[in-house]
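Enquirer: Handing you this structure, nothing more for now.
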Amino acid sequence: MNSRDAAATRQRILEHAQRHFAQHGYAAVTVKGVADAASVSPNLITRYFGGKDGLFLAATQVKIPVSKSFDGERSALGSHLAANIVQRWFGAPGEDPLLVLQRASGERPQAAEALAAFLDTNSLEPLHRYLCDSGLDDADARSRAAAIDAFVLGVSTRRRILRSELGDPAELQAWLSTTIQRLADG
């Protein structure tokens, strides 16, 4: 197998693993199930990832440019964040590494820690800094950032993890935009 084929195979395995972990959580996913879905031998998963734990870790690597939502005036924060959230939730619903981490966080302490670390580093702290830069004092910016972070995580959990319907994207975006803006404005 040449390196290009190996890279394509590894990527195909990861895509199927992300989908399976996002839909079923960690415990219900098997190496064989992912291998079958990716049309590969389970031995390749062991070879590329070292087994289920390694596959899970690879499938949950989160690289999302969340801070791009924090551009512009604070009066547009709700609309920027809501647009990015709705695009993410409706764009690739079965392959979202954050969804994988959310589903697995109740089963695996490592997943809960990875999700918390991602949110702290890529959402909560940049949002806190943005709100400080927009003129809020540190304590007020911190509490508003925490409220927005908790709200978005709660909506994500309710609508994505507990399998409620996401609803109409435009209506969801408008509601998220209004609510996030209220939290940002205090």
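Heads up: the sequence shown begins at 450 in this note's numbering, then just goes up one per residue. C-beta: ideal position from N, C-alpha, C; glycine also.
Distance, Cα to Cα, A457 vs A619?
Expert: Looking at the two C-alpha atoms, the distance is approximately 35 Å.
Enquirer: How about R461 and V489: do their beta carbons lie closer than 9 Å?
Expert: Taking 9 Å as the Cβ cut-off, R461 and V489 qualify as a contacting pair.
Enquirer: Mapping DSSP to helix, strand and coil, what is E556?
Expert: Three-state DSSP puts E556 in coil, outside helix and strand.
Enquirer: If you drop the 5 nearest sequence neighbours on each side, which residues of the same chain put their C-beta closer than 7 Å to that of E556?
Expert: If we look at E556 and ignore the five residues flanking it on each side, its Cβ neighbours are G474, Y475 and A476.
Enquirer: If you draw a straight line from the alpha carbon of D485 to that of A590, how long is it in whole angstroms?
Expert: About 48 Å.
Enquirer: Jot down the residue ranges of each uninterrupted alpha helix (DSSP H) in the stretch 552 to 627, minimum 4 residues, whole runs only, in chain order.
Expert: Complete alpha helix (DSSP H) runs here, min 4: 558 to 568, 574 to 582 and 587 to 605.
Enquirer: Exposed or buried, what is F505 when buried is set at 16 or more other beta-carbons lying within 10 Å of its beta-carbon?
Expert: That one is buried.
Enquirer: Buried or exposed: where does R593 fall if 16 or more other Cβ atoms within 10 Å of its Cβ makes it buried?
Expert: With 16 or more Cβ atoms within 10 Å of its Cβ, R593 is classed as buried.
Enquirer: Could you name the residues of the same chain whose beta carbon sits closer than 6 Å to that of H529, not counting the 5 residues immediately before and after it, in chain order?
Expert: S518, listed in sequence order.
Enquirer: For F498, which of Q559, R552 and A455 has the nearest alpha-carbon?
Expert: It is A455 whose Cα lies nearest to the Cα of F498.
Enquirer: Taking D485 as part of the alpha helix (DSSP H), name the residues at either end of that continuous run.
Expert: Taken as a continuous stretch (DSSP letters only), the alpha helix (DSSP H) holding D485 covers V480 to A487.
Enquirer: Given 8 Å as the limit, is there contact between the stretch 604 to 615 and the stretch 570 to 589, that is, 3 or more CB pairs closer than that?
Expert: Output reads no: the stretch 570 to 589 does not touch the stretch 604 to 615.
Enquirer: When the Cα atoms are used, what is the spatial distance from A563 to R523?
Expert: Those two C-alpha atoms are separated by around 29 Å.
Enquirer: Cα-Cα, which of D520, D582, S583 and L625 is closest to L602?
Expert: For the residues D520, D582, S583 and L625, the minimum Cα distance to L602 belongs to L625.
Enquirer: Can you tell me which of the three DSSP states Q510 falls into?
Expert: The answer is coil: DSSP assigns Q510 none of H, G, I, E or B.
Enquirer: Beta carbon of T509, beta carbon of A553: below 9 Å?
Expert: It is a contact, given that the beta carbons lie within the stated cut-off.
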